[in-house]
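Everything below concerns the one structure shown next.
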Amino acid sequence: AVVLTQAIIHEGLKRTALGANAMMVRRGIEAAAKDAVEELKKMSREVKGKQDIRQVATISAESAELGKTIADVVEKVGKDGVVTVEESQSTNIESEYVEGMEFDKGYISAYMITNAERMEAEAKDAPILITDKRISIVKDILPLLEKVAQSGKKDLVIIAEV
């Protein structure tokens with residue numbers, strides 16, 4: 001894709017340098033891109049099953065070992081799962097499966113840690129408040145806190161604008 005993009009830009013610049021109308025070159029590139037996408041859609045086929053995933057991953061990564069790992073991971077998380085790829089300093093291929101959701105930021109205070117051995121804040125069966133508003137004072141969410149307390153829940157997860 002990068003090589004193709006570079007060639008398109010190079011040819012477009014060459015045409016405009018030779019006097020072609022830049023807007024016409026742009027329209028031509030857009031029309032050609034639309035046609036190319038349509039042709040690719042016609043040529044494409046649905047990836048079905050672990051073997052297809054492994055084949056695509058192996059070709060894309062140029063590695064049978066990595067292709068197998070990717071296929072295993074994709075099979076495990078399912079079609080609606082999320083796979084995150086990270087660069088590593090080691091030469092090993094590793095995978096980690098996280099059940100549920102995982103957030104990058106973590107807890108605000110070390111006092112929120114419930115599992116000191118794993119340095120995690122765990123909340124089981126906790127109500128979750130998600131808001132795009134800033135919560136400046138407890139009074140802003142006091143009615144909600146009272147309802148949570150009345151329900152007998154000990155934990156409340158709050159995701160708010162910081």
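Just so it is clear: in the sequence shown, position 66 is 66 by our numbering, and no numbers are missing.
Glycine included, C-beta positions come from ideal geometry on N, C-alpha and C.
As the structure is a computational prediction, the values presented were derived from the model and not from experiment.
Of Leu4, Glu122 and Ile141, the smallest CA-CA separation from Ile130 is found for Ile141.
A direct Cα-Cα distance of roughly 18 Å separates Ala33 from Lys14. Exclusion of the five residues before and after Ala64 leaves Thr58 as the residues of its chain whose Cβ lies within less than 8 Å of its Cβ. With contacts defined as CB atoms closer than 7 Å, Val157 and Ala110 fail to qualify as a contacting pair. The beta carbon of Ile128 sits closer than 6 Å to those of Val157, all from its chain and outside the five residues before and after it, given in chain order. The Cβ-Cβ distance between Ala160 and Ile135 falls below 7 Å.
Secondary structure note for Asp132: its beta strand (DSSP E) is the uninterrupted segment Ile128 to Arg134. Taking the C-beta atoms as reference points, Ile53 is found no nearer than 7 Å to Val82. According to the DSSP assignment, Ile159 belongs to no alpha helix (DSSP H) but to the beta strand (DSSP E) extending over Val157 to Glu161.
In this model, Lys154 and Val56 are separated by some 47 Å (Cα to Cα). Judged by DSSP secondary structure, Val85 falls outside any alpha helix (DSSP H); it is assigned neither H nor E. Here the alpha carbons of Val98 and Lys42 stand approximately 36 Å from one another. In this structure, Glu94 is the residue among Val37, Val2, Glu46 and Glu94 with its C-alpha nearest to the C-alpha of Gly67. In this structure, the straight-line span from the alpha carbon of Lys76 to that of Asn92 is close to 20 Å. When secondary structure is reduced to three states using DSSP, Glu94 falls in the coil class, being assigned neither helix nor strand. Under the criterion of beta carbons closer than 8 Å, Ala126 and Met112 do not qualify as touching, at roughly 12 Å.
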